[in-house]
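Residue numbers for the sequence shown follow the working numbering, beginning at 1 and rising by one. From the three backbone atoms N, C-alpha and C, an ideal C-beta is built for every residue, glycine too.
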Amino acid sequence: MKKYFFTALFSLSVVALISQPISSKAVLVETILSNGAGKLCIPYNKYVLPNGLTLIVSEDHSDPIVHTEIMYHVGSARETEGRSGFAHFFEHMMFQGSGHVADEQHFKLVTEAGGNMNGNTTRDRTTYFETLPSNNLELALWLESDRMGFLLDSVTQKKFEIQRSTVKNERGQNYDNAPYGLVREKIGQAMYPKGHPYSWSTIGYLADLDAADVTDLRNFFLRWYGPNNATLLIIGDVKTAEVVLLVEKYFGSFKRGPEVSPMPQMPATLAKDRCISYGDNIRFPQLTIVRPGVSSFTADEAPLDALCDIISNGKGSVFYKVFIESKVAQSASMYNPTSELDGEVTINIKTFPDHSPHEADSLVNVALSEFEKRGVSDDDLKRFKLSMESSQLNSLTTVAQKSSSLAVYQTFYGNANLIQKDLDRYQNITKEDVMRVYFKYIKNKPAVVLTVYPKPNPKLKARPDDFTIPIYDAGSEESAEYKSLVYNRPNDNLDRSKKPIQGATPIINVPNLWKSTYPNGLQLIGTQTLEIPQTYLMLTISAGHRQEDTAQAGIANLVVKMLDQSTKNNAAAAIEKKLELLGSEVSISAGETDINVFIRSFTRNLDSTLLLVNEKLFNPKWDPTEFDLMKKQQLEEIASMSTSARQMASFIYAQQVYGAANIMSFPQLGTASTISRLSLENVKSYWGKMFDPSIAKVTTVTDLPQSLFEPKLALWKNNWKSVPVVLKADAPSDKNKTTEPTKIFLYNKPESAQSEIRIGRLGMQYDATGEYYKAGLMNYELGGNFNSHINLKLREEKGWTYGARSNFSGSNYTGTFTASAGVRWNATDSSVVEFVKAIKEYATNGIKPEELAYTKKAISQGEALDYENPFAKLGFLKNILEYKLPDNYIEQQNKVLMNITKEEIDMLAKKWLDADHMVISVVGDKTKIGAALSKLGYEVVEVDALGMVVPLVELKPAVRTNQVVTEVPKVKKKKAKRKMRGAKYDKITD
1 MKKYFFTALF SLSVVALISQ PISSKAVLVE TILSNGAGKL CIPYNKYVLP
51 NGLTLIVSED HSDPIVHTEI MYHVGSARET EGRSGFAHFF EHMMFQGSGH
101 VADEQHFKLV TEAGGNMNGN TTRDRTTYFE TLPSNNLELA LWLESDRMGF
151 LLDSVTQKKF EIQRSTVKNE RGQNYDNAPY GLVREKIGQA MYPKGHPYSW
201 STIGYLADLD AADVTDLRNF FLRWYGPNNA TLLIIGDVKT AEVVLLVEKY
251 FGSFKRGPEV SPMPQMPATL AKDRCISYGD NIRFPQLTIV RPGVSSFTAD
301 EAPLDALCDI ISNGKGSVFY KVFIESKVAQ SASMYNPTSE LDGEVTINIK
351 TFPDHSPHEA DSLVNVALSE FEKRGVSDDD LKRFKLSMES SQLNSLTTVA
401 QKSSSLAVYQ TFYGNANLIQ KDLDRYQNIT KEDVMRVYFK YIKNKPAVVL
451 TVYPKPNPKL KARPDDFTIP IYDAGSEESA EYKSLVYNRP NDNLDRSKKP
501 IQGATPIINV PNLWKSTYPN GLQLIGTQTL EIPQTYLMLT ISAGHRQEDT
551 AQAGIANLVV KMLDQSTKNN AAAAIEKKLE LLGSEVSISA GETDINVFIR
601 SFTRNLDSTL LLVNEKLFNP KWDPTEFDLM KKQQLEEIAS MSTSARQMAS
651 FIYAQQVYGA ANIMSFPQLG TASTISRLSL ENVKSYWGKM FDPSIAKVTT
701 VTDLPQSLFE PKLALWKNNW KSVPVVLKAD APSDKNKTTE PTKIFLYNKP
751 ESAQSEIRIG RLGMQYDATG EYYKAGLMNY ELGGNFNSHI NLKLREEKGW
801 TYGARSNFSG SNYTGTFTAS AGVRWNATDS SVVEFVKAIK EYATNGIKPE
851 ELAYTKKAIS QGEALDYENP FAKLGFLKNI LEYKLPDNYI EQQNKVLMNI
901 TKEEIDMLAK KWLDADHMVI SVVGDKTKIG AALSKLGYEV VEVDALGMVV
951 PLVELKPAVR TNQVVTEVPK VKKKKAKRKM RGAKYDKITD
């Protein structure tokens, strides 16, 4: 739908640098219309307000939406030792209400308007963004301006404590309790000198958060959140002149903040290798080797990116041959992450359990020597450059992605018009450049060498530890730049207490579509879009997990692995290379109901791409050696499931909900037993039986019209012969689970700092306008959005989780109702209680009239965002074929939505939310949580990694480091410095 790319191709080059006020305040400083014929460009106007706020406006009238983003040039790099995590913590506080926006209302107002929003923090910047129907532009500006100007009016100790607890849970979920979660933190500690701002992670240390108080957060805001340290971007269906007036209205009265100077480059220097290690609850040992690199957008970044890609990406790379084909490693990669102050060239090798990191360490040198011998070929560079071109094009298919590019370019380099220059630096790389950076940054250069070994086996270290991480000074006093900061509340004549009136509802254009059904049964649905000169295509075959026999569970996944190997005409590496030289992306995956073949291709190369895809799908070699490798990989993936609390919670939950006779009680990967028994002939047989056009569908989003696209499917519609397949009906589920009393099924994960919870029951088949759809509407207030009953209770009120939710899921077969969360361990029992309480109260009391009105507004207005990018369009079209929906089913859904009553919602809640007859699965450390769970009044059944019942052992209560509280305690600032090597996770409960 976006036309700017083609406009840019044929426009004159126009760059205006002028000083022309469009009003009394904002000054227009730059207009970009084009970068010349054939060049990428995001047209925009740039303004600067007297207070230093930079405003960038880019009009795009192809979709009735608007994206607002404000990027502050502050991240964890602006912190000091002993004050880590403040930038990220403050991001959380920015969603807790402001002077004229009540608590929890920011998310609620954006959601009600049909939008979505979020924020994120990196080492170098923090950004906040909303995408909304375009009639809500003023709402977005009102919200963003209120938290820039008036956030401190609403900061309280209670909010501070709740968000501190939420951040601790986030750290637990994504760092301390996640496999390999501490790798980047450990690398930073060893790579950079004591006090370097990259020596701690963005989320920070718990000890620093514990030592902080509200005054610290206030000072952080006053120091870094001034308009002169921010760039505001408005991209979408807007008029520039109107945008500028609104920005002046809402931001013009704010005063400049303290001046913010650029930080100097702070590259890491290593005199020799630094070897460190730590143990984790993992199956695959990991070797990570990190060498100092370069910072973002410096001359050597692009050739280093190319070097990493050539060494490790694809079946023709030296890493694939040395590590994967040899069955030494489950994965091997090399990449070049860069930041504002420095970069880190990283090698990651996850070895199979029967191989060691020490062996991998030696093989890294073998692989690098092999690369050095073979050098860089013309084809290596061609495929890399095509991948970068494709990546840049695809980054421009949404207003959010365009906004992000403009924001980064402006914030870090002072020039938003860098998209073509960014691409040029990759297109101009030479073979000599790649070899030069190899010798400059990689060959014989010192590195941080980190081993993550499976507990308790430190003998698996790649090398003996020889470096001691410096003692970290936790909770130190704040630096002088935070002293004497004063909050001067902005004064203007604007009544900010009044929420802006919503503009006229925009017209939403559902994509025009076309369909065909061919004699062999193959179905086609597609739409034309002129966003970029590429075609997105999905071939879907109804041969997924649902069609497997329980004795062959996981076979669909093994089939797709084999289809990504050699064909009778080409080795696996050769056919992959041919696709890459076309700039095409092809991936084959297996899901619950389907095997999916996804294709993204430059339309000019679509014919050649489809020929190669056809060869992969219908002329595989079925090589026994490759089969052994793929089978080993799948068995290892299955074995590693038990190290993931999330995967185990979902697996045990499915086992109990569906019952042993249903294939859905088995993981999609299968089990060690089912995969071990599979032969190559079994896989070939499944492929031969299930790969049939009568159960296949093609969905496409392309810049071609139907008349030019359909001939490209000639091989599939003419040569693909059908032997009609009778799909299995849904296997029997254990219906008794909906009548049996609720039980807790507990899987023991020792030393787990968090617990994963699943609560639910069997649901129903998907339908677009009937009871399934209506049940989804009913659930929206219970657990279907950020401001839902469940999330507000467990996250925002209690601070026990990073996020809690519930949903109905369904297919052509059956479905489930599931509530889920990861919670801190000492709130496990309390979280189960609150989950059940919320479900029961909703079933008993029903939905409030104002909640129903909110649901209708949020869902109906959110449709404006549903068709913006190619993937969204693919999903919309795929649904129509998959579920045999009328072309206007969205219109029918809207009628159901608008007409549904409170009585109907309440009836559905009573029917489906019987919390006394549900399944509860919990994964956590049973020595800590088992006794407390047994006191909740439910039968607790311990199960093993296969879901089998474990003989009952009496559980003694764990000693909690902190009891779960219903009131938020007050804390005093801790004055004394504490010396420690990072925070221990048990401090999460302090």
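query = Can you tell me whether Thr702 is buried or exposed, with buried defined as 16 or more other CB within 10 angstroms of its CB?
reply = Here the question's residue 702 lines up with position 702 in the sequence shown. Buried is the call here.
query = Taking the alpha helix (DSSP H) that Gly279 falls in, what are its first and last residues?
reply = Counting from one through the sequence shown, the residue named residue 279 turns up at place 279. Where Gly279 is concerned, there is no enclosing alpha helix (DSSP H), although the beta strand (DSSP E) it sits in stretches over Arg274 to Asp280.
message = Between Val29 and Val48, how many whole angstroms is the CB-CB distance? I'm expecting something under 8 Å.
response = Taking the first residue of the sequence shown as position 1, residue 29 is located at position 29. Taking the first residue of the sequence shown as position 1, residue 48 is located at position 48. That pair is a contact at about 6 Å.
ask   = For Ser650, which residues from the same chain have a beta carbon less than 7 Å from its beta carbon, with the 5 sequence-adjacent residues on both sides left out?
value = Reading the sequence shown from its first residue, position 650 is the one you call residue 650. Arg758, listed in sequence order.
message = If you follow the beta strand (DSSP E) that Ala241 is in, where does it begin and where does it stop?
response = Taking the sequence shown and counting its residues from 1, the one referred to as residue 241 is at position 241. Looking at the DSSP string, Ala241 is not in any beta strand (DSSP E); the run it does join, the alpha helix (DSSP H), is Thr240 to Phe251.
Residue-chain proximity (Gly475, chain D), Cβ-Cβ < 8 Å = Included in the structure is just one protein chain, with no chain D present.
task = In angstroms with no decimal places, state the Cα-to-Cα distance between Val183 and Asp361.
result = Walking along the sequence shown from the start, residue 183 turns up at place 183. Walking along the sequence shown from the start, residue 361 turns up at place 361. The straight-line gap from Cα to Cα measures roughly 17 Å.
task = Quickly, what does DSSP pair Phe666 with across the bridge? List them, please.
result = For this step, residue 666 is matched to residue 666 along the sequence shown. In DSSP, Phe666 forms no bridge with anything.
message = If we require 4 or more residues per run, which alpha helix (DSSP H) segments fall completely within the region 466 to 532?
response = Qualifying alpha helix (DSSP H) stretches: none in this window.
request  = Could you have a look at Leu908 and say whether DSSP puts it in helix, strand or coil?
outcome  = By 1-based counting over the sequence shown, the position of residue 908 is 908. Residue state, collapsed to three classes: helix.
task = Report the three-state DSSP secondary structure of Ser362 (helix, strand or coil).
result = Working through the sequence shown from its first residue, we reach residue 362 at position 362. Ser362: helix per DSSP, three-state reduction.
key: Rounded C-alpha distance that separates Lys239 from Phe251   = The sequence position of residue 239 within the sequence shown is 239, counting from 1. The sequence position of residue 251 within the sequence shown is 251, counting from 1. Cα to Cα, Lys239 sits roughly 18 Å from Phe251.
query = In this structure, what does DSSP give as the bridge partners for Lys350?
reply = Locating residue 350 in the sequence shown gives position 350, where the first residue counts as 1. Gln286 and Ser331.
message = Count Cβ pairs between the region 620 to 637 and the region 894 to 911 that sit closer than 8 Å; are there 3 or more?
response = These segments do not touch.
inquiry  = Going by DSSP in three states, Ile203 sits in which element: helix, strand or coil?
reply    = On the sequence shown, position 203 is the one that residue 203 refers to. Here Ile203 sits in coil by DSSP.
ask   = By how many angstroms is the C-alpha of Gly583 removed from the C-alpha of His355?
value = Along the sequence shown, read from residue 1 onward, the residue named residue 355 stands at position 355. Along the sequence shown, read from residue 1 onward, the residue named residue 583 stands at position 583. So the two alpha carbons sit approximately 35 Å from each other.
query = Since Asn614 is in the alpha helix (DSSP H), which residue starts that stretch and which ends it?
reply = Taking the sequence shown and counting its residues from 1, the one referred to as residue 614 is at position 614. Leu606 to Phe618 is the span of the alpha helix (DSSP H), which, as asked, contains Asn614.
Span separating the alpha-carbon of Gly776 from that of Ala211 = In the sequence shown, counting from the first residue as 1, residue 776 sits at position 776. In the sequence shown, counting from the first residue as 1, residue 211 sits at position 211. A straight-line Cα-Cα distance of about 43 Å links Gly776 and Ala211.
ask   = Taking all protein chains shown into account, do 16 or more other C-beta atoms lie within 10 angstroms of the C-beta of Lys168, making it buried, or fewer, making it exposed?
value = Taking the sequence shown and counting its residues from 1, one reaches residue 168 at position 168. Classification of Lys168: buried, given that the 10 Å Cβ count is 16 or more.
ask   = Does the separation of the CB atoms of Arg218 and Leu152 fall below 8 Å?
value = In the sequence shown, residue 218 corresponds to position 218, counting from 1. In the sequence shown, residue 152 corresponds to position 152, counting from 1. In this structure, Arg218 sits near Leu152, with a CB-CB distance shorter than 8 Å.
task = Kindly give me the distance between the Cβ atoms of Thr505 and Asn135, rounded to whole angstroms, as I take these residues to be in contact under 8 Å.
result = Along the sequence shown, read from residue 1 onward, the residue named residue 505 stands at position 505. Along the sequence shown, read from residue 1 onward, the residue named residue 135 stands at position 135. Indeed, because the Cβ distance is near 6 Å, the residues count as touching under 8 Å.
Run of the alpha helix (DSSP H) containing Ala804, from where it starts to where it stops = The count along the sequence shown starts at 1 and reaches residue 804 at position 804. DSSP places Ala804 outside any alpha helix (DSSP H); the residue lies instead in the beta strand (DSSP E), whose first and last residues are Thr801 to Gly810.
task = Taking only the alpha-carbon atoms, compute the straight-line gap between Phe598 and Asn488 and give it to the nearest angstrom.
result = Mapped onto the sequence shown, residue 598 falls at position 598. Mapped onto the sequence shown, residue 488 falls at position 488. One C-alpha to the other measures close to 55 Å.
Pro292 - partner residues in DSSP beta bridges = What you label residue 292 is simply residue 292 of the sequence shown in a count that begins at 1. DSSP lists Glu344 as partners of Pro292.
query = Is it a yes or a no for the region 644 to 661 touching the region 600 to 614, going by three-plus beta-carbon pairs under 8 Å?
reply = Judged by pairs of C-beta atoms under 8 Å, the region 644 to 661 does not touch the region 600 to 614, as fewer than three such pairs exist.
message = Closest to Val723 by C-alpha separation, out of Glu740, Gln163 and Met690, would be which residue?
response = Stepping through the sequence shown from its first residue, residue 723 is reached at position 723. Considering only alpha carbons, the answer is Met690.
query = Can you list, in chain order, the stretches of the alpha helix (DSSP H) that have 4 or more residues and sit fully within the region 47 to 117?
reply = Entirely contained in the region 47 to 117, the alpha helix (DSSP H) runs reaching 4 residues are, in chain order, 86 to 93 and 105 to 112.
message = For the region 337 to 345 against the region 293 to 301, do three or more pairs of beta-carbon atoms, one drawn from each stretch, fall closer than 8 Å, so that the two count as touching?
response = The region 337 to 345, when compared against the region 293 to 301, does touch it at the 8 Å Cβ threshold.
message = Does Ile695 come out as helix, strand or coil in the three-state DSSP assignment?
response = Within the sequence shown, numbered from 1, the residue matching residue 695 stands at position 695. Correct three-state label for Ile695: helix.
inquiry  = Check whether the region 403 to 411 and the region 231 to 248 touch, using three or more Cβ-Cβ pairs below 8 Å as the test.
reply    = Judged by pairs of C-beta atoms under 8 Å, the region 403 to 411 touches the region 231 to 248, as three or more such pairs exist.
request  = Could you pull out every residue in the same chain whose Cβ sits closer than 6 Å to the Cβ of Lys878, ignoring the five residues on either side in sequence?
outcome  = Walking along the sequence shown from the start, residue 878 turns up at place 878. Apart from sequence neighbours up to five positions away, the residues of its chain that approach Lys878 with a beta-carbon distance below 6 Å are Thr699, ordered along the chain.
request  = State the start and end residues of the unbroken alpha helix (DSSP H) segment that holds Ile429.
outcome  = Counting from 1 along the sequence shown, the entry for residue 429 is found at position 429. It is not in any alpha helix (DSSP H) - Ile429 carries neither H nor E in the DSSP assignment.
inquiry  = On a Cα-Cα basis, can you pick out the residue from Gln105, Ala207, Leu746 and Leu852 that is closest to Val949?
reply    = The sequence position of residue 949 within the sequence shown is 949, counting from 1. It is Leu746.
request  = Report the three-state DSSP secondary structure of Gln534 (helix, strand or coil).
outcome  = Your numbering for residue 534 matches position 534 in the sequence shown. Residue state for Gln534 is assigned as strand, using DSSP reduced to three classes.
query = For the alpha helix (DSSP H) that Ser34 lies in, which residues bound it at each end?
reply = For the purposes of this step, residue 34 is taken as the residue at position 34 of the sequence shown. The continuous stretches of alpha helix (DSSP H) do not include Ser34, which lies in the beta strand (DSSP E) extending over residues Val27 to Ser34.
key: DSSP-derived helix/strand/coil call for Gln265   = One-based indexing of the sequence shown puts residue 265 at position 265. Here Gln265 sits in coil by DSSP.
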